[in-house]
Amino acid sequence: MSTLPQAHGGVLRELLVPAEAAARIKADSREFPSWDLTARQLCDLELLATGAFSPLSGFLVRRDYDSVVRDLRLADGTLWPIPVVLDVSVAFAKGLERGGRVALRDPEGVLLAVLTVEDLWTPDRIGEAQAIYGTTERSHPGVTALLDRTHPVYVGGRIEAVALPTHYDFQHLRRSPREVREGFARQGWRRIVGFQNGNPLTAAHLAATRHACRIAQANLLLHPGVGQCEPGDAEHYTRVRCYERALSHHPEGAAQLALLPLATRWAGPREALWHAIVRRNFGCTHFVVTPDHAEPPRADGAPGFHPRGAAQQLALGHAEELGIAILALDDMVYVENRAQYCPAGDVRPGERVLSLDAAEFRRRLAEGLEIPEWHAPPDLVEEVRRRHPARDRQGVTVFFTGLSGAGKSTIANALLARLMELGGRSVTLLDGDIVRKNLSSELGFSKEHRDLNIRRIGFVAAEITKHGGIAICAPIAPYAATRAAVREMVSAAGGFIEVHVATPIEVCEARDRKGLYAKARAGLIKEFTGVSDPYEAPEDAELVIDTRECTGFEAAQIVLNRLEADGYIR
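The sequence shown maps to residues 30 to 599 in my numbering.
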């Protein structure tokens, strides 16, 4: 561990040990219990190791945790608003004792650090959620992550880091606090505004950064948080490329970009304080706090979980103690008659403000419509369009479900033929029987194996969808929970249209070309859907088709019409 005094940001407490000590720790660690770090823990460890979480020397012990939750301070009175703790399972905790050591490893087993156990306790996570987020509603992403995705036992203690997590992306932008500070010193920067935003930048964000730099008479560090990103997270790459392009919208040499592997907590006012402390450790002298800083959006568009402006009020109230100036900026709005952005509070009576909300922005992207330049510069829009093309170039999965003999395969094949006839799209058919022969040949028909078969289909469909193709799936898929999991998996990659082929069982049984129903009735086939095993009919399918009322060709046209109405084909 080393400390580094600097002109910018005070003292860094870095937890990476020298090479000789690291070699000794690695040898000793073979005897220690090992914990594979979660995505959030990897982010926290990296920022602990590099000093971004100065003055912390490890994961919080209980007295510090209790004080942070209660008073936004460590036990010694130092301002620190967010619990940074190592959560572990009950089973793992049973093998630990105070004074013992734990090897902390990445998911591939690489040793990153050793923790000396100083405290071990079961926290009141409901109370923590209420204190940190101001709510225990699971609609809050921070609450959901805390209550549903963290382990129930906390371990606190000093960290000795021997390596940092490996990143293969944007390596030129991943710089430690020491490296960023040294870069400021080389360039002669003395006043630096730190700025972050969780979304691809718009013209309003660019206007805000220029406005902040004018107020502070400072240079700019664009410092987006990129924590907990999966290797295939396209949104992450798009966002960073937008930040790279944003540099050209500032005077040459006046701004620079670095990535911050911070796992956001969406903690609103507390997180604003946390962000300010971290930017101080990176050498910034000013930090921009917005009215709804780190406040998660509600799905229904209702106000956030904290009052608007609460983050600014809390940060300004601690500005002197923070050691970094807080720029509590108003929203920037575009005034038509001035043809420029200005703070919302500076709009004069009679002036017309133009706006484009997030929903309208997404609609225009989906339909390939123009995005006005006053909302976002063309080069940034071009970058976003690469990730979010018009809907007729997006991938989509058509997922048929229904009883055996309902007509799923007939409709799916007719739909495949019609789409191939139209041309212009890559189309793949994942029929239930074909998948059983080629992808799931080793599986039986137990509930567990049926679920696994459907999840495999969902995975393949999601990959096809992610790469802009059309996947047509036609399994029985009898269980609602499994279908919901597939919907979630595919929807993260593109469109999803569920089609319930709701042909009654008596009609399906009368068609029984394979004799399966007869064998099931005779007890020769066990756990047969509709006879000895339930079929859970969808309640929210996009389309419901009864093949007593139409031919397979006509049913395929119904699906085709829906694809056209939703914009997936033209």
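Note that the Cβ used here is the ideal one computed from N, Cα and C, for glycine as well.
This structure is a prediction, so every number in the text was calculated from the model and none was measured.
Cut-off 7 Å between Cβ atoms - residues of its own chain near residue i, not counting five sequence neighbours on either side
i	result
Trp-403	Ala-232, Tyr-363 and Leu-383
Asp-100	none
Ile-353	Ala-305, Arg-308, Arg-309, Cys-313, Thr-314, His-315 and Phe-316
Val-119	Pro-181 and Val-182
Buried or exposed by the 16-neighbour rule on C-beta atoms within 10 Å, applied to residue i
i	result
Phe-525	buried
Ile-463	exposed
Lys-437	buried
Leu-140	buried
Pro-88	In the sequence under discussion, the amino acid at residue 88 is Phe, which differs from the Pro named in the question. It counts as buried.
Gln-423	buried
Phe-390	buried
His-335	buried
Asn-226	buried
Gln-155	In the sequence as displayed, the identity of residue 155 is Ile instead of Gln. Counting Cβ neighbours within 10 Å, Ile-155 comes out exposed, since fewer than 16 surround it.
Ser-31	Below a pLDDT of 50, predicted positions are generally treated as unreliable, and Ser-31, at 46, falls in that range; the measurement from the model is reported next regardless. So Ser-31 counts as exposed.
Glu-26	Since the first residue shown for the chain is 30 and the last is 599, residue 26 is missing from the structure and cannot be characterised.
Thr-319	buried
His-265	buried
Leu-553	exposed
Gly-297	buried
Met-449	exposed
Val-46	buried
Val-40	exposed
Secondary structure of residue i, DSSP reduced to three states
i	result
Trp-64	strand
Trp-303	helix
Ile-54	helix
Leu-444	helix
Gln-200	helix
Arg-69	helix
Ile-574	strand
Arg-19	Outside the modelled stretch of the chain, which goes from 30 to 599, sits residue 19, for which no answer is possible.
Phe-213	helix
Asp-375	helix
Tyr-508	coil
Arg-42	strand
Leu-193	coil
Gly-87	strand
Gly-346	helix
Leu-235	helix
Tyr-597	coil
Pro-407	helix
Thr-439	helix
Ser-482	Sequence inspection shows Asn at residue 482; the Ser mentioned does not correspond to that position. Of the three classes helix, strand and coil, the one that applies to Asn-482 here is helix, per DSSP.
Pro-320	coil
Cys-579	coil
Ile-400	coil
Asp-569	coil
Glu-208	helix
heavy atom of the ligand ZN below 7 Å from residue i C-beta
i	result
Ile-493	This structure simply doesn't include the ligand ZN, nor any ligand for that matter.
Identity of the residues DSSP links to residue i by a beta bridge
i	result
Cys-502	Phe-428 and Leu-459
Tyr-363	Tyr-370 and Leu-383
Asn-248	Ile-221
His-278	Answer is none; His-278 lacks a bridge partner.
Val-182	Val-117
His-315	Val-222 and Ala-354
Thr-558	Asp-562
Ile-188	Leu-144
Ala-284	Leu-249
Gly-338	For Gly-338, which the question treats as bridged, DSSP gives no partner whatsoever.
Gly-254	Leu-289
Spatial neighbours of residue i in its chain, beta-carbon cut-off 6 Å, leaving aside the 5 residues before and after
i	result
Ala-551	none
Pro-110	Leu-101, Arg-299, Leu-302 and Trp-303
Val-269	Phe-199
Val-413	Pro-229
Cys-502	Phe-428, Leu-459, Ile-486 and Ala-490
Gln-159	Thr-165
Ser-455	Gly-498
Sequence-distant residues of its chain with Cβ nearer than 8 Å to residue i (five each side left out)
i	result
Leu-572	Ile-526, Glu-527, Val-528, His-529, Ile-587, Val-588 and Arg-591
Leu-215	Note on identity: in this sequence residue 215 is Arg, with Leu being the wrong assignment. Excluding residues within five positions, none has a Cβ falling inside 8 Å.
Beta strand (DSSP E) runs wholly inside the segment 89-172, at least 3 long, in chain order: 115-117, 130-134 and 140-150
Unbroken stretches of the alpha helix (DSSP H), 4 residues or longer, contained in the segment 515-551: 534-540 and 545-550
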